[in-house]
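Input: a single structure, listed below in structure tokens.
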Amino acid sequence: MGRLIAISNRTAVDPKARAGGLAVAVWESLKATGGVWFGWSGEIAESEHRVLHAHHDEGVEFLLTDLTREEHDGYYLNYANRVIWPVFHYRIDLASFDRDAFTIYAAVNQRIARQIAPRLHPDDVVWVHDYHFMLMADALRHTGWEGPTGFFLHIPFPAPEVFRALPEHHWIARALCAYDVIGFQAERDRYNFVQYLIDDCGGEDLGEGRVKAFDQTITVKAYPIGIDAEGFREASRSAKADEAAERIGRFLGGERELVIGVDRMDYSKGLPERFEAVGRLFDNFPDMRGRVSVTQITPPSRSKVEEYQELRVELDGLAGRINGDYGDLDWIPLRYLARSYSREELAGLFRIARVGLVTPLRDGMNLVCKEFVMAQDEDDPGVLILSEFAGAAEQLQSALIVNPHDTDNVAEAIHTALTMPLEERKSRWRRLRDTTVEQDIGWWREKFLSDLSPGGLN
Ligand code: ADQ
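Residue numbers (the UniProt record's numbering): 1 to 458.
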């Protein structure tokens with residue numbers, strides 16, 4: 001039986017990092033096959049000598065590499081986070097195109113491939129994750145590796161017009177076609193990629209998820225990622241969840257409804273637009289004043305990247321203005337907490353929230369909306385408001401689907417959600433729950449791995 005070999009920028013070498021959905025899914029498969037997880041250690045090496053550090057845990061081997069300062073800045077900070085991330089989220093205006101950064105990005109993919117190749121067994125199955133390693137299969141093929149190699153992109157794949165803005169678009173597309181299976185979050189991502197191959201690379205859609213391009217025939221499909229649905233439901237019933245729910249309940253004072261948003265601080269998440277929509281809610285529906293409290297939990301991320309620092313300043317200003325304009329002696333309309341909470345605490349907050357506000361401008365999938373669904377009480381479930389630009393909108397059509405740029409539309413949806421009759425809330429929620437449970441993280445993993453390794457892994 002072959003081993004699963006996972007490659008991703010960050011790994012779950014720290015057991016605390018194994019709580020999230022993706023880490024659970026990859027970790028379980030690695031344990032079952034005595035697999036290996038390659039990735040960045042999170043450290044910046046002082047010397048040019050980059051060895052792989054090995055750690056063993058429950059039969060899984062972690063092989064981690066440090067990055068040099070130049071690699072970290074070129075590959076990770078600049079190319080991955082300041083070129084690919086904005087372009088793939090349709091923010092060409094925020095991209096800092098930089099040829100040198102791409103050269104370093106390619107070199108890091110090649111360097112790591114050369115370190116991995118000698119450790120692969122002929123029957124291993126390689127599964128590469130996300131936009132940091134789009135060139136990995138191509139680099140591995142150059143070392144002579146021929147085994148099954150799959151790629152899953154966690155972020156959106158943009159429309160061909162937008163992808164073409166990337167100076168290296170052709171190089172990247174060609175390298176992607178060295179994979180056997182390419183997985184996207186949503187059908188529209190798959191469509192964009194295949195359309196680009198057809199328009200720009202003489203590609204051909206063979207039907208049933210098969211595509212021919214660059215003399216390769218590959219599987220290209222949407223595999224919408226799920227969460228550990230049952231695990232999250234349990235987390236929302238834990239003692240820590242109860243405690244968090246009680247703490248926020250004390251703040252709400254028993255009469256006010258909670259509207260909750262939980263996102264990393266990222267310009268793709270549509271937070272300024274969401275704050276504006278909250279302002280519109282109190283303008284357009286004055287009866288909502290004093291009756292709801294919006295809590296937005298947003299831990300700062302990538303704080304070294306300038307665009308993220310600017311976002312922080314913008315959010316601080318907007319939250320201050322909304323509270324200044326609408327707040328009262330005994331009411332804070334918008335609470336904005338720039339910190340993270342444990343999975344259990346978040347689950348407890350989701351559980352007592354009447355509305356979950358998930359309004360990214362672009363999101364590969366978005367897991368928060370699925371977590372919100374699983375935390376609800378069957379007898380009195382809350383309402384999910386979901387952006388049409390989250391990958392999850394393809395699956396969760398029973399949510400209130402909104403255009404996050406249209407702040408009046410979002411304000412109206414919040415009002416609809418807060419006044420929705422119990423029966424409608426229940427029937428919408430049941431459909432959302434059924435999909436989230438059926439298409440959970442295990443379903444996603446099996447769907448991808450059975451295409452990559454039809455003989456089976458575990
Ligand atoms: P992210 O952009 O990080 O993921 P998301 O899918 O929402 O977005 O996952 C975030 C996770 O972090 C959730 O499990 C959430 O509970 C947690 N989290 C968010 N804010 C938190 C806070 N304040 N405290 C603690 N935890 C918090 C990327 C892509 C997504 C894709 C995922 C998985 O951008 O589109 O869904 O990968 O493929």
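For glycine and all other residues, C-beta sits at the position ideal for the given N, C-alpha and C.
The beta strand (DSSP E) spanning residue i covers which residue range?
i	result
Lys221	Gln216 to Ala222
Gly183	Val181 to Phe184
Leu422	First-last for Leu422: Leu422 to Glu438, but that is the alpha helix (DSSP H), not the beta strand (DSSP E).
Ile7	Leu4 to Ile7
Asp66	Val60 to Thr68
Ala213	Arg210 to Ala213
Ile260	Glu257 to Val262
Thr295	Val292 to Ile297
Ala244	Note, Ala244: premise wrong, no beta strand (DSSP E); alpha helix (DSSP H) at Ala239 to Leu252.
For residue i, verify whether its CB is less than 7 Å away from any heavy atom of the ligand ADQ.
i	result
Glu371	yes
Met420	no
Lys75	Note on residue identity: the sequence assigns Tyr, not Lys, to residue 75. Result no, Cβ not under 7 Å from the ligand ADQ.
Pro299	yes
Val278	no
Gly391	yes
Arg264	yes
Gly348	no
Leu22	yes
Gly382	no
Gly364	yes
Tyr131	no
Ile155	yes
Leu367	yes
residue 474	With the chain covering only 1 through 458, there is no way to say anything about residue 474.
Tyr223	no
Ser293	no
Ser8	no
Tyr341	yes
Who are the Cβ neighbours of residue i in its own chain at under 8 Å, not counting the five residues just before and after it?
i	result
Val305	Leu77, Asn81 and Arg82
Phe448	Trp127, Gly150, Phe152, Val181, Gly183 and Tyr223
Arg280	Thr407, Asp408, Val410 and Ala411
Cys369	Gly356, Val358, Leu384, Leu386, Ala390, Ala392, Leu396 and Ala399
Asn284	Asp408, Ala411, Glu412 and His415
His56	Phe62
Arg274	Gly261, Gln296, Leu357, Thr359, Pro404 and Val410
Thr10	It is Arg, not Thr, that sits at residue 10 in the sequence shown. Closer than 8 Å at Cβ, skipping near neighbours: Ala17, Gly39, Trp40 and Gly42.
Excluding the 5 residues preceding and the 5 following residue i in the sequence, name in chain order all residues of the same chain whose CB lies nearer than 6 Å to its CB.
i	result
Pro86	Leu94 and Ala95
Asn458	Here the model assigns Asn458 a pLDDT of 49, short of 50, so the residue's position is not dependable and the matter cannot be decided.
Ile297	Val262 and Leu337
Pro148	Val125, Asp180, Leu452 and Ser453
Ser450	none
Pro15	none
Glu204	Lys212
Ser238	Glu344
Assuming residue i is part of the alpha helix (DSSP H), what are its boundary residues?
i	result
Lys370	Val368 to Ala375
Trp171	His169 to Leu176
Arg233	Ala229 to Ala235
Tyr131	First-last for Tyr131: undefined, no H or E at that position.
Asp57	Not the alpha helix (DSSP H): Asp57 falls in the beta strand (DSSP E), residues Leu52 to Asp57.
Gln309	Glu306 to Tyr326
Ile104	Arg99 to Ile116
residue 534	What the structure shows of the chain is the stretch from 1 to 458, and residue 534 is not part of that stretch, so it cannot be assessed.
Ser450	Ile441 to Leu452
Trp331	That residue, Trp331, is in no alpha helix (DSSP H); it is neither H nor E in DSSP.
Quick one: residues in its chain with C-beta nearer than 7 Å to the C-beta of residue i, no 5 flanking neighbours on either side, listed in chain order?
i	result
Val220	Ile182, Arg190, Phe193, Val194, Gly209 and Val211
Glu307	Leu94 and Tyr267
Gly251	Residue 251 is actually Phe in this sequence, not Gly. Within the same chain, Phe251 has no close Cβ partners at all.
Asp242	Gly348
Arg18	Ala12, Val24 and Trp27
Cβ-heavy atom distance between residue i and the ligand NAP below 7 Å?
i	result
Ile332	Of the ligands one can find in the structure shown, namely the ligand ADQ, none is the ligand NAP.
- request: Please determine if the segment 437-446 and the segment 413-424 are in contact, where contact requires at least 3 C-beta pairs separated by less than 8 Å.
  value: Touching, no.
field: Contact the segment 349-356 vs the segment 370-379: 3+ CB pairs below 8 Å
entry: Yes, they touch.
- request: Please confirm if the segment 258-272 is in contact with the segment 354-370, defined as three or more CB-CB distances below 8 Å between the two stretches.
  value: Contact between the segment 258-272 and the segment 354-370 is established, with three or more Cβ pairs separated by less than 8 Å.
message: Below 8 Å, how does it come out for the segment 215-233 and the segment 185-193: are there three or more Cβ pairs, yes or no?
response: Cβ pair count under 8 Å is three or more, so yes.
task: Decide if the segment 308-324 is in contact with the segment 361-368; the criterion is three or more beta carbon pairs, one per stretch, under 8 Å apart.
output: They do not touch, by the three-pair rule.
- request: Assess, as a yes-or-no matter, whether the segment 103-112 is touched by the segment 131-143 under the definition of 3 or more beta carbon pairs within less than 8 Å.
  value: Counting Cβ pairs under 8 Å, three or more are found: they touch.
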